[in-house]
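Visitor: Supplied in structure tokens, the structure appears directly below.
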Amino acid sequence: LDMFNGQRADIDAKNGTIDSAKIVKTDIECSNGVIHVIDTVILPKTDTLLETAASAGSFNTLAAAIEAAGLTDALNGDGPFTVFAPTDEAFAKLPAGTVETLLKPENLDTLKSILLYHVVEGRVYSDDALNAKSAKTLQGSKLSIIKSESGVQVNDAKVLATDIDASNGVIHVLDSVIIPTDG
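Quick note on numbering: my numbering labels position 139 of the sequence shown as 139, and the sequence is numbered without any gaps.
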């Protein structure tokens with residue numbers, strides 16, 4: 001369910017909940033809408049994309065790369081952004097020495113390009129991404145987003161988790177680092 005602030009609340013009809021709140025009563029009609037009563041106040045996410053990723057504990061390499069590339073302020077800003085976030089294990093799959101090489105000052109433009117290839121402007125949830133089939137990144141190139149028998153993929157990376165809300169966007173977790181084909 002899309003909320004007014006752009007974030008989503010998850011409805012579980014089987015258990016009668018919305019996010020962590022139990023739905024107590026439904027369909028109270030008013031002159032300007034409908035009210036559904038819940039037993040708990042639902043609070044929006046207040047952590048930024050980077051704070052949300054940091055609290056997960058599996059994006060340390062991504063956080064270090066974002067800091068080295070000078071993108072911390074941008075990704076902690078208003079946004080909204082969608083981040084296709086490679087895990088630490090995804091970075092570990094790169095050839096030995098790749099991350100260390102990219103973190104060198106002379107390679108920061110390349111690092112920044114790779115990182116911006118993982119970011120899309122706007123809050124793009126998984127259903128919207130699948131319907132669009134592609135997304136233009138802040139790096140300038142497009143990502144391919146497909147659903148196959150093996151699951152959802154962004155380019156050649158498998159999507160491990162989707163729709164992780166943050167105050168300034170949404171995160172989708174990838175099992176691989178995606179590299180722009182044009183450099």
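For every residue, glycine included, the Cβ atom is placed at its ideal position computed from N, Cα and C.
Taking the alpha carbon of I42 as the reference point, which residue from A92, A9 and T48 has its own alpha carbon closest?
Guide: Within the sequence shown, the letter at position 42 stands for residue 42. Of the listed residues, the one whose Cα sits closest to I42 is A9.
Visitor: What are the residues that DSSP puts in a beta bridge with R8?
Guide: Indexing the sequence shown from 1 puts residue 8 at position 8. The partner list for R8 (beta bridge, DSSP) reads D2.
Visitor: Could you tell me the alpha carbon to alpha carbon distance between G183 and D88, rounded to whole angstroms?
Guide: Looking up residue 183 in the sequence shown gives position 183. Looking up residue 88 in the sequence shown gives position 88. With a pLDDT of 46 at G183, under the threshold of 50, the modelled position of that residue is not reliable, and the figure given next carries that caveat. Rounded to whole angstroms, G183 to D88 spans 22 Å at the Cα level.
Visitor: Nearest by alpha-carbon distance to I66: which of A56, I114 and T17 is it?
Guide: As a first step, residue 66 must be located in the sequence shown, where it is residue number 66. Closest by alpha carbon: I114.
Visitor: Which value, in whole angstroms, describes the spacing of the CA atoms of A53 and F84?
Guide: Residue 53 sits at position 53 when you count from the first residue of the sequence shown. Residue 84 sits at position 84 when you count from the first residue of the sequence shown. Whole-angstrom Cα-Cα distance: 11 Å.
Visitor: When the distance is taken between beta carbons, is V177 closer than 8 Å to F91?
Guide: Taking the first residue of the sequence shown as 1, we reach residue 91 at position 91. Taking the first residue of the sequence shown as 1, we reach residue 177 at position 177. Yes; because the gap between Cβ atoms is below 8 Å, this pair is in contact.
Visitor: Within the chosen definition, does the region 136–144 reach the region 95–103 through at least 3 CB pairs nearer than 8 Å?
Guide: Contact between the region 136–144 and the region 95–103 is absent, because fewer than three Cβ pairs lie under 8 Å.
Visitor: To the nearest angstrom, how far is it from the Cα of N180 to the Cα of N76?
Guide: Translated into the one-based positions of the sequence shown, residue 180 becomes position 180. Translated into the one-based positions of the sequence shown, residue 76 becomes position 76. Checking the displayed sequence, the identity of residue 180 turns out to be Pro instead of Asn. So the two alpha carbons sit approximately 23 Å from each other.
Visitor: With 16 as the cutoff for other CB atoms within 10 Å, does A13 come out buried or exposed?
Guide: Within the sequence shown, residue 13 is the residue found at index 13, counting from 1. That one is exposed.
Visitor: What's the C-alpha gap between A161 and S141?
Guide: Against the sequence shown, residue 161 aligns to sequence position 161. Against the sequence shown, residue 141 aligns to sequence position 141. The alpha-carbon atoms of A161 and S141 are separated by roughly 23 Å.
Visitor: My output table needs one value for Q45: the three-state DSSP class, helix, strand or coil.
Guide: For the purposes of this step, residue 45 is identified with residue 45 of the sequence shown, where counting begins at 1. Per the sequence shown, residue 45 should be read as Lys rather than Gln. Coil, per DSSP.
Visitor: I need the straight-line Cα distance from D163 to A96, nearest angstrom please.
Guide: Reading the sequence shown from its first residue, position 163 is the one you call residue 163. Reading the sequence shown from its first residue, position 96 is the one you call residue 96. Straight-line Cα distance between these residues: approximately 31 Å.
Visitor: Looking at the unbroken beta strand (DSSP E) that takes in D73, where does it start and where does it end?
Guide: Taking the sequence shown and counting its residues from 1, one reaches residue 73 at position 73. Not the beta strand (DSSP E): D73 falls in the alpha helix (DSSP H), residues T72 to L75.
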